[in-house]
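Per my numbering, the very first residue in the sequence shown carries number 624; after that it's consecutive.
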Amino acid sequence: MTAYFGNDGSVSADDGLVCGEVDSARITLASGQNLQRGALLGKITASGKYILSLSAANDGSQTPAVVLAEDCDASAADKVTVAYFRGRFDAGAMTFGTGQTVANTREALRDVGVFIHDSIR
């Protein structure tokens, strides 16, 4: 699903992911991934690029940081896309990498202004 920028600079789509106001910005999704809107991403410390956050990673991306705002196919090369840096999100519309769950990411995300709510669907 493609997200769109609203008049207030936010990014939105009508799929139930967003539960209120959000702040978004452009990021670089590292190559080798094809992810859907709602994926929970972590930032690779060395490159500053984002990948799906996996709890067993040790490159910085194990710490969840942002929520992908639109589907993004970076299979062949890095791709500039949009992510949510702050906001409220429905857990049922999110994708979590291996070892990451609502329970073990909720507190860390809250510290950076990302709030996950139990699914309302």
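C-beta: ideal position from N, C-alpha, C; glycine also.
Do L677 and T721 have their beta-carbon atoms positioned less than 7 Å apart in this structure?
As a first step, residue 721 must be located in the sequence shown, where it is residue number 98. As a first step, residue 677 must be located in the sequence shown, where it is residue number 54. Taking 7 Å as the Cβ cut-off, T721 and L677 qualify as a contacting pair.
For A700, which residues in the same chain have their Cβ closer than 7 Å to its Cβ, ignoring the five residues on either side in sequence?
Reading the sequence shown from its first residue, position 77 is the one you call residue 700. Contacts found: S654.
Shortest alpha-carbon distance to G671 belongs to which of R660, I650, A726 and R733?
Along the sequence shown, read from residue 1 onward, the residue named residue 671 stands at position 48. Taking only the C-alpha atoms, the option nearest G671 is I650.
Between G736 and the rest of its own chain, which residues show a CB-CB distance below 8 Å, the 5 nearest in sequence each way excluded?
Here residue 736 refers to the residue found at position 113 when the sequence shown is read from its first residue. Excluding sequence neighbours, G736 sits near D646, F708, R709 and G710.
With DSSP as the reference, identify every bridge partner of A648, one or two as the case may be.
Locating residue 648 in the sequence shown gives position 25, where the first residue counts as 1. Paired residue(s): A706.
Please list, in chain order, all residues of the same chain as D696 whose beta carbon is under 6 Å from its beta carbon, the five residues on each side excluded.
Your numbering for residue 696 matches position 73 in the sequence shown. Contacts found: N657.
As a quick exercise: from A716, Y673 and A679, pick the residue whose alpha carbon is nearest that of A706.
For the purposes of this step, residue 706 is taken as the residue at position 83 of the sequence shown. Ranking the options by Cα distance to A706, first place goes to Y673.
Which two residues bound the contiguous alpha helix (DSSP H) that contains R734?
As a first step, residue 734 is located in the sequence shown; it is residue number 111 there, counting from the start. Note on residue identity: the sequence assigns Asp, not Arg, to residue 734. First-last of the alpha helix (DSSP H) with D734: V725 to D734.
Judging by CA-CA distance, which residue of V689, D734, N727 and T728 is the nearest neighbour of R660?
Counted from its first residue, the sequence shown places residue 660 at position 37. Among V689, D734, N727 and T728, the Cα nearest to that of R660 is on V689.
In whole angstroms, what is the alpha-carbon distance linking L691 and L652?
Here residue 691 refers to the residue found at position 68 of the sequence shown. Here residue 652 refers to the residue found at position 29 of the sequence shown. C-alpha separation (whole angstroms): 9 Å.
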